[in-house]
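Going by my numbering, the final residue of the sequence shown carries number 562, and the count climbs one at a time with no gaps.
Here is the structure we will look at, set down as structure tokens.
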Amino acid sequence: MQKFDVAVVGAGFAGMYALHKLRSLGFSVRVFEVGDGVGGTWYWNRYPGARCDVNSLEYSYQFSEELQQEWNWSERYASQPEILDYANHVANRFDLCRDIQFNTRVRSLHFDTKCDTWHLKTEQGDDFQTQFCIMATGCLSKHNIPKFEGLDDFTGTVLHTGTWPQVQPDFDGQRVGIIGTGSSAIQLIPLIAEWAASLTVFQRTASFSIPAHNAPMDKEHERQIKADYANFRAANSQRYAALNNHPSAISALELTATERDTVYQTRWEDGGLTFLASFKDLGNNLDANRTAAEFVHSKIREIVKDPAVAELLSPQTVLGCKRLCVDTDYYQTFNRRNVTLVDISKAAIEKITANGVLSNGIEYEFDALILATGFDAMTGALLDIDIRGKNGLSLQEKWQDGPKNYLGLTVNGFPNLFTITGPGSPSVLANMMVAIEQHVDWIADCLCYLRSNSLQCVEASASAEANWIELVNAIANQTLFPTGCNSWYTGANIPGKPRIFMPYLGYPSYVEKCEDVAANNYRGFELG
Ligand code: NAP
């Protein structure tokens, strides 16, 4: 049986950096990856229009000054193909692939208390032994196919945005249906509308979307950032979501309606997620939030010509409670004659037929049906693997009422196992690349600490874990996030999933806590 110091599950940006970092510290590492290439989420989400909603100059690694200087992004927001090129460039530059086992799904991870090691089994039946496990399985990697009656009967093509084929399907002359109106659908819809003969969009809940105003990279801006990249990164890491979003220090309610709309208009024209930082209280004051929602509603009414369609597209939820979407011509697309919006908020899809979708007694016929129905987020990919800690306790049992862990990194009862950007950490509510590097660096420091102190084992204590969960919830409960909508942040998009707000809110305070734990000899951990 092959033995490693560290097994890493997943070769997305988290797994790639974990491999590079730990290998350079002298650990033997093997990465296991289901796909036949690196890139994780950017490997799988190849649908037309897939693009990052964080500026390219921020959505990239910072661990290597040479890397961040030599790579040039072509656009303000990078497209999926360009991000995948970047991932491949990093893999080649740091010679990563020799330690990545592709086309391999990890089936089980069982902890052996006798020798403090993990036994890893792949779906092909191969066995490995490893002292540490790093779960770099991603937050949005288990795609969600709702249990639509009759889905298998559909005779046309069925696609999911999260597992898009490598060979692009041809929608020329086709009648296409899309179920879902989240971030993925919002990027895809304008392009399919231009391509296909007709497009029918099934919307259960309308989403707020802000124009991206994507553009070719401003070379002068890029030069300025690169001239002082380290300080740019350091300043961003002091912000709530580790993004360069120019947060406002004033309340939306301090201004008159006209003054407020001027602020919103400036942010709207600037584009993207920074709209959420227009005022300091959009995330925790419902009245403030309503002013932002009403501004977006007014924009939708301006853009969409049919008032009934504009009304349907106007979300009635708290703005930002579901992930804010970023688009190019999303609302404009509903002015096209070949696009139809079907409201399924009151009458769910009845079934899928051989020819299409039956909803509210009407059968819509399609050649292709696209499921843009999202992911079993944050816990789905972890719980897909049979992970058993001490005394055979499974992670499924441990997390049956929702994820419980310490620092969003480690789980009591599961020694030497780490989750990168796990629930209970800022993850999806921070710049992911920044959150990934912070986690990998913290884990690497922890493993070096164990090695230099001749320790074999690190495990979160039960009390540290309980206190952490209480803290994550207490912080979330000061905001509109947990109750303002049915979001995947709370597991509400998956029937039967426990409803718990999963991310830790506030990147800087989170980092402070992680550093404090490490500086105090890994307080809250049992070391052995
Ligand atoms: P999502 O935001 O969860 O959206 C899924 C959509 O499918 C929602 O409109 C949902 O309706 C609908 N849906 C789910 N089950 C359904 C059912 N049974 N019947 C009818 N409709 C159903 O998923 P996503 O669009 O893939 O995005 C997920 C996350 O990935 C985003 O929030 C974002 O963090 C990330 N992402 C980022 C980018 C980017 O960087 N630009 C792009 C794509 C995705 P309800 O809202 O009613 O549940």
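Beta carbons are placed, not taken as given, at the ideal position from N, Cα and C, and that holds for glycine.
Quick one: give me the first and last residue of the beta strand (DSSP E) that residue i is part of.
i           : result
residue 169 : 161 to 169
residue 142 : 140 to 146
residue 359 : 359 to 361
residue 471 : Element bounds for residue 471: not the beta strand (DSSP E) but the alpha helix (DSSP H), 466 to 486.
residue 41  : 36 to 43
residue 153 : 151 to 156
residue 528 : No beta strand (DSSP E) contains residue 528, which DSSP labels as neither H nor E.
residue 85  : Neither: residue 85 is in no beta strand (DSSP E) and is coded neither H nor E.
residue 350 : Premise fails: residue 350 is in no beta strand (DSSP E) and is neither H nor E.
residue 377 : 373 to 377
residue 243 : 243 to 245
residue 543 : Per DSSP, residue 543 belongs to no beta strand (DSSP E); it is in the alpha helix (DSSP H), 541 to 553.
When burial is assigned at 16 or more other CB atoms within 10 Å of the CB, is residue i buried or exposed?
i           : result
residue 10  : Here the chain has residues from 35 to 562 only, and residue 10 is not among them.
residue 255 : exposed
residue 173 : buried
residue 244 : buried
residue 323 : buried
residue 90  : buried
residue 149 : exposed
residue 412 : buried
residue 28  : Residue 28 is absent from the model: the chain starts at 35 and stops at 562.
residue 473 : buried
residue 16  : No statement about residue 16 is possible, as the shown extent of the chain runs from 35 to 562 and does not include it.
residue 467 : buried
residue 201 : exposed
residue 280 : exposed
residue 434 : exposed
residue 57  : buried
residue 487 : exposed
residue 562 : exposed
residue 331 : buried
residue 301 : buried
residue 353 : buried
residue 437 : buried
residue 199 : exposed
residue 35  : exposed
residue 114 : buried
residue 290 : exposed
residue 533 : exposed
residue 74  : buried
residue 257 : exposed
residue 17  : With the chain covering 35 to 562 only, the question about residue 17 has no answer from this structure.
Span of the alpha helix (DSSP H) holding residue i?
i           : result
residue 175 : Counting along the chain, residue 175 falls outside any alpha helix (DSSP H), and DSSP gives it neither H nor E.
residue 261 : 253 to 261
residue 293 : 291 to 304
residue 506 : 496 to 510
residue 450 : Counting along the chain, residue 450 falls outside any alpha helix (DSSP H), though it belongs to the beta strand (DSSP E) covering 448 to 453.
residue 332 : 320 to 337
residue 366 : 364 to 367
With residue i and residue j assumed to form a contact (beta carbons below 8 Å), what rounded beta-carbon distance in angstroms separates them?
i           : j           : result
residue 192 : residue 463 : Their Cβ separation, rounded to whole angstroms, is 31 Å, which puts residue 192 and residue 463 out of contact at 8 Å.
residue 166 : residue 54  : Rounded, the Cβ-Cβ distance is 16 Å, inconsistent with contact.
residue 451 : residue 169 : 7 Å
residue 496 : residue 554 : That belief does not hold up - the Cβ atoms of residue 496 and residue 554 are roughly 18 Å apart, past 8 Å.
residue 41  : residue 162 : 6 Å
residue 401 : residue 209 : 5 Å
residue 121 : residue 47  : 7 Å
residue 306 : residue 246 : 6 Å
residue 541 : residue 271 : 7 Å
residue 349 : residue 240 : 4 Å
residue 70  : residue 360 : Actually they do not touch by this definition, with Cβ atoms about 30 Å apart.
residue 51  : residue 549 : That pair is no contact at about 19 Å.
residue 223 : residue 364 : 6 Å
residue 326 : residue 286 : 7 Å
residue 426 : residue 178 : With 8 Å as the limit, residue 426 and residue 178 do not qualify as a contact, their Cβ atoms being about 29 Å apart.
residue 372 : residue 338 : Not quite, the Cβ-Cβ distance comes to about 15 Å (not below 8 Å), so this is no contact.
residue 66  : residue 156 : 7 Å
residue 195 : residue 37  : So it is not a contact: roughly 39 Å between Cβ atoms.
residue 459 : residue 556 : Not quite, the Cβ-Cβ distance comes to about 16 Å (not below 8 Å), so this is no contact.
residue 187 : residue 378 : 19 Å between Cβ atoms; not a contact.
Are there any heavy atoms of the ligand SAM lying less than 6 Å away from the beta-carbon of residue i, as far as the coordinates show?
i           : result
residue 537 : Within the structure as shown, the ligand SAM is missing, the only ligands being the ligand NAP.
Checklist line | Completely contained alpha helix (DSSP H) runs for the segment 186 to 229, where each covers 4 or more residues | finding: 217 to 229
Notebook entry, point to check: Which full runs of the beta strand (DSSP E) of 3+ residues lie inside the segment 406 to 446, going along the chain?
Noted result: 420 to 422
Note to self: Threshold first: 3 residues or longer. Then list the beta strand (DSSP E) segments lying entirely within the segment 59 to 136, N to C.
What the structure shows: 63 to 66
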